[in-house]
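Reading through the structure tokens given below for one structure.
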Amino acid sequence: MRSLKFIHKNNEPCCFLSFPSLIGIYLKNMPNLEGWWESRVEGETLPIFPQLQYLRLQRCPKLSSMPKIASTRQVTVILRDVSVQVVSAIIGPLLNFHEIRLEEIKDLKDLEMEFHQNQNPNLGSSSSSMSSQSLTRLRVLKIEKCSNLMSLPEWIGTITSLWDLKIIDCPKLKSLPEGMRQLKSLNWLTIKGCPQLQERCKEGGEDWPNIAHILFKRFTEIGAVETAEIAEIGIWRKIKDFIPNVRSSLTCGYEHSLNYKPTL
């Protein structure tokens with residue numbers, strides 16, 4: 001499979017299929033894979049994979065195009081060591097995300113630019129809202145080892161469903177947008193191996209007002225024991241202490257009820 005360049009060759013029968021029942025795609029370690037079709041074919045722009053729930057593309061550095069995905073399900077997408085063209089091809093038109101992981105996308109510099117790549121150029125200033133519409137159900141976003149990523153879009157604040165955000169080993173990312181303040185459902189923020197960003201996100205730092213509302217925050221260094229535990233670690237300690245106490249109280253209460261003899 002390492003020598004495969006295209007999933008479908010044009011000289012094969014049924015080169016266009018909608019895959020109506022397929023729920024998962026996993027392509028890994030295909031260094032020569034360039035695209036789905038060998039050349040443009042009739043129907044290739046039609047939406048396919050209507051039931052897709054899981055898409056993972058890993059170490060396919062030459063892959064530059066994918067079919068238009070139009071799943072009616074919530075989709076988990078993991079893209080690792082692929083081209084930025086694949087990121088924009090998948091993230092742009094897909095409308096129903098649950099989780100997105102972008103890992104080792106070396107040429108990814110600006111999420112906003114890539115998210116807009118597949119939008120209608122006539123939309124003008126409304127393109128930001130169109131991009132964010134594809135993320136209205138997104139719960140988890142992980143960005144890891146994107147060494148040239150420099151910014152997150154301001155409209156990240158419109159992803160009000162976002163619950164968990166992880167930014168790992170993105171050294172050129174220096175700040176978080178003010179739109180982060182609108183993410184009222186965001187309970188978990190992990191920043192690891194982003195020294196300039198971590199400095200700004202410390203309590204009292206320039207970006208602290210953008211993340212102060214997030215309940216659990218973790219800042220760590222790459223290859224080191226955690227330098228800062230969850231910011232509200234005291235809450236965890238209280239929870240850990242509280243659970244045994246509740247269990248003990250329930251046990252004692254149950255035993256007491258067994259020995260209880262009403263007075264007449």
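Residue numbers for the sequence shown follow the working numbering, beginning at 1 and rising by one. All C-beta atoms, glycine included, are put in the ideal place defined by N, C-alpha and C.
Shown here, Ser151 sits in a strand according to DSSP, grouped into three states. Gln74 and Gly157 have their alpha carbons spaced roughly 20 Å apart. Per DSSP, Leu173 lies in no alpha helix (DSSP H) and is assigned neither H nor E.
If you look at Arg218, you'll find it in the beta strand (DSSP E) that goes 216 to 220.
If you draw a 10 Å sphere on the C-beta of Ala89, you find 16 or more other C-beta atoms in it, and that means buried.
With a 10 Å radius around the Cβ and a threshold of 16 neighbouring Cβ atoms, Lys28 comes out exposed.
Listed in chain order, the non-local C-beta contacts of Val84 below 7 Å within the same chain comprise Ile105, Asp107, Leu108, Glu114, local neighbours out to five positions each way being set aside. The beta carbon of Leu63 sits closer than 6 Å to those of Leu33, Val82, Val86, all from its chain and outside the five residues before and after it, given in chain order. Within the same chain, Cβ atoms closer than 6 Å to the Cβ of Thr76 are found at Tyr54, His98, Glu99, the five residues on either side in sequence being excluded. Under the three-state reduction of DSSP, Arg2 is assigned to coil, being neither helix nor strand.
Straight-line measurement puts the Cα of Leu79 at about 5 Å from the Cα of Leu102.
The three-state reading of DSSP puts Val87 in helix, counting H, G and I together. DSSP places Gln51 in the coil class of the three-state scheme, outside both helix and strand. Out of Pro61, Pro67, Arg139, the CA that lies nearest to the CA of Asn96 is found in Arg139. Listed in chain order, the non-local C-beta contacts of Ile159 below 8 Å within the same chain comprise Ser132, Leu135, Thr136, Leu138, Leu141, Leu183, local neighbours out to five positions each way being set aside. For Leu165 and Lys5, the gap between their C-alpha atoms comes out near 34 Å. Here the alpha carbon of Glu112 sits roughly 7 Å from the alpha carbon of Leu152.
Assignment of Gln74 by DSSP, reduced to helix, strand and coil, places it in the coil class.
Taking every protein chain shown into account, the CB of Pro209 has fewer than 16 other CB atoms within 10 angstroms, so this residue is exposed. If you check the CB distance, Ile48 and Lys68 come in under 8 Å. Judged by beta-carbon spacing, Asn187 lies within the 8 Å limit of Ile214, meaning their Cβ atoms are closer than that value.
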